[in-house]
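Data first, discussion second: the structure below is written as structure tokens.
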Amino acid sequence: RAQTLCAELGSNAAYILADLAEAESGAQIVSATVAHFGGIDIVVNNAAVTTRSSLETTDADMFDWVVAINLRAPLLIIREAVREFRQRGQGAVLNVGSINALSGEPNLVAYSTAKGGLQTLSRNLANSLATENIRINHLNVGWVATPNEIALKQTEGMGEGWETRVPPEYAPSGALLTGDEVARHILFW
């Protein structure tokens, strides 16, 4: 899929495969980006796992894995990118969080906790890096209709097209956000 997408985007696109659960991935991603493009100006931390877990089903290993991907990886990627930003005199980071950072659902304990941490990380770094012309922004998006989310909910009994007929208490517009809608906001920021 990455090769196809890069081919569609043209010569200005490249991809790096990395396991975000591994601490070394941040350095690998940033160094490969700098090697390919000659520098780095912007980081968008959008990758996440939305593993379902309640208080009772969240064990230490699963919690550590979710936090490693959803919170530690963005921190380590930002740390590496900031070294490059400082050499350039500026840079920007956009962390894609979740409305679950503010409360969360009973079946998203680890995910919500990690997204809450990402929100705090974003705020901390925005304050501490602003004087260096390094901008940190954070979007807490609502429920997004990704292919995986649609398929998962269908296995839980939701019918085809459920994502466009959502009760207002879950999506005031009656439909989930689309990936394209989120992408447009990311491009703006």
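Position one of the sequence shown corresponds to residue 46 (the numbering used here), numbered consecutively onward. Using N, Cα and C, we set each Cβ at its ideal position, and we do this for glycine too.
Determine whether the beta carbon atoms of residue i and residue j lie at a separation below 8 Å.
i, j, result
"Val94", "Val112", "no"
"His81", "Ala63", "no"
"Glu177", "Arg131", "yes"
"Gly187", "Ala216", "yes"
"Glu129", "Gly84", "yes"
"Gly219", "Arg210", "yes"
"Ala77", "Ile61", "yes"
On the CB-based measure, 16 or more other CB atoms within 10 Å of its CB, does residue i come out buried or exposed?
i, result
"Pro213", "exposed"
"Glu208", "buried"
"Ile87", "exposed"
"Ser56", "exposed"
"Gly136", "buried"
"Ala52", "exposed"
"Ala105", "exposed"
"Ala47", "exposed"
"Leu50", "exposed"
"Arg168", "exposed"
Contact defined as beta carbons within less than 8 Å: I believe residue i pairs with residue j. What is the distance between those atoms, to the nearest angstrom?
i, j, result
"Ser98", "Val154", "5 Å"
"Val127", "Leu166", "Val127 to Leu166, Cβ: 13 Å. No contact."
"Val138", "Ile181", "5 Å"
"Val89", "Ile231", "6 Å"
Residues in its own chain within less than 8 Å of residue i by CB, not counting five upstream and five downstream?
i, result
"Thr191", "Gly224"
"Met107", "Thr96, Ser98 and Ala155"
"Leu163", "Asn90, Asn115, Leu116, Pro119, Asn140, Gly142, Ala146 and His183"
"Thr23", "Nothing can be reported for residue 23: it is not among the residues displayed for the chain, which extend from 46 to 234."
Determine the direct distance from the alpha carbon of residue j to that of residue i, and round the result to whole angstroms.
i, j, result
"Gln199", "Leu170", "39 Å"
"Ile265", "Glu69", "Past the boundaries of the shown model lies residue 265; the chain is included only from 46 to 234, so the question cannot be answered."
"Asn115", "Ala196", "21 Å"
"Pro119", "Ser157", "15 Å"
"Glu205", "Leu54", "31 Å"
"Glu101", "Asn172", "36 Å"
"Glu201", "Glu194", "11 Å"
"Leu65", "Ile123", "13 Å"
"Ser148", "Val79", "37 Å"
Shorter than 8 Å from the beta carbon of residue i to some beta carbon of chain C?
i, result
"Pro151", "Of the chains in the structure shown, none is chain C; there is only one protein chain."
Report all residues from its chain with a CB closer than 6 Å to the CB of residue i; omit the five preceding and five following residues, and keep chain order.
i, result
"Val141", "Asn91 and Leu184"
"Val75", "Glu125 and Ala126"
"Asn152", "Arg97 and Ser99"
Could you pull out every residue in the same chain whose Cβ sits closer than 7 Å to the Cβ of residue i, ignoring the five residues on either side in sequence?
i, result
"Gly161", "Ala146"
"Leu221", "Trp188, Val189, Ala190, Glu208 and Val211"
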